[in-house]
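If you count by mature numbering (1 follows the signal peptide of the UniProt record, and there is no 0), then the sequence shown holds residues -22 to -1, 1 to 237, one letter each, in order.
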Amino acid sequence: MKFLRILVLACLPGLCFSQQNADTLALNNIKQHNLITQGSDYKPKVASFIIPAVFIGYGLASLSDHNVIRRLDLSTRDELQEDHPLFAAHIDNYLQFVPAAAVYGLNLAGVKGKHSLVDATGLYVLSEAIMGVSVKSLKSATHRMRPDDSGFDSFPSGHTANAFVAAEFLNQEYKDVSPWYGYAGYTVATATGVLRMYNNKHWVSDVVAGAGFGILSAKLGYFIYPKLKRLILGNHSSSYNVMPSYQQHRIGFSFNGTF
């Protein structure tokens, strides 16, 4: 059982790294900026949805009270509480936003991603909206008790889902610059999920499912956003950009474009 627990946790970043490499190969010749500004559609490969689907399926399987996945939830909670009964580090409340903040920080530092900050923000907001609706709906529908008995909204982990939306957002924007940005984002997201378990707020399966919903939501956001933008703007072409600026000891943003 302990080996299975280690395997599950190790698979979170490991499978995400594998997915990142697969996505990079599959979409190597696609320029996201052109897809957004010229109205073409982002078409992710079906294979890129396999890993988040596996994560979500794992979590859903745990909703049955009599299987190995649910027993792993219970034994992990018991061991963590036995070994770290007073653990209370709430950095996970902030860590979940770090990968997304990195996108804006990199832009501020002059390292450009695939999209302008306007489009990047739209992609992130849409991905967060998809994740928020799906996670909130499932929390209400499953009505699972948290490990610390503090509420019936345990499944899936919202913090973890949010962290993996941010990690996939960072990955999509900067994987062509360097794959290490994606690796760092997934590592931070995994650490967020692990901390949720150490803080006794979520089961292992909550965290794994949350990772799946986060990745899936970001991918759907990147798929839907061009269509949504085209629906709002019609067939009118647009070209704009927002760039960070620093003048007279003040940080700001400059905007230019045509509609």
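By construction, the Cβ of each residue, glycine as well, lies at the ideal position given by its N, Cα and C atoms.
G192 places its beta carbon less than 8 Å from that of T138. One Cα belongs to K117, the other to I108, and the distance between them is close to 14 Å. For V143, same chain residues with a beta-carbon under 7 Å away, outside a window of 5 residues either side, are S105, E106, M109, G192, S195 and A196 in chain order. With a threshold of 16 other beta carbon atoms within 10 Å, S40 meets it and is buried. Between the stretch 175 to 182 and the stretch 124 to 132, the count of Cβ pairs shorter than 8 Å is three or higher; the stretches touch.
A residue is called buried once 16 or more other Cβ atoms fall within 10 Å of its Cβ, and I47 is buried on that count. Here DSSP, grouped into helix, strand and coil, assigns N177 to coil.
Close CB contacts of G91 within its chain, under the 8 Å cut and outside five residues either way in sequence, are with V81, L84, N85, A98, E151, Y152 and V155 (chain order). The beta carbon of D131 lies closer than 6 Å to those of K117 in the same chain, with the five residues before and after it left out. Taking all protein chains shown into account, A66 has fewer than 16 neighbouring C-beta atoms within 10 Å of its C-beta and is therefore exposed. About 15 Å separates the beta carbon of I28 from that of A187, a gap too long to meet the 8 Å contact definition. DSSP, reduced to helix, strand and coil, places R48 within a helical segment of the structure shown.
Taking 8 Å as the cut-off, the Cβ atoms of A78 and Y102 count as close.
Here G212 is exposed: its Cβ has fewer than 16 other Cβ atoms, across all protein chains shown, within 10 Å. For the set L206, K205 and F201, the Cα lying nearest the Cα of K23 is the one of F201.
When the beta-carbon positions are compared, P134 and D70 stay at least 8 Å from each other. H93 and V113 have their C-alpha atoms spaced approximately 27 Å apart.
Ranking S115, L73 and E60 by CA distance to the CA of Y164 puts L73 first. Sorting L95, H180, Y161 and P204 by C-alpha distance to the C-alpha of G129 places H180 at the top. Each residue's CA atom was taken as its position, placing D61 and D51 some 16 Å apart.
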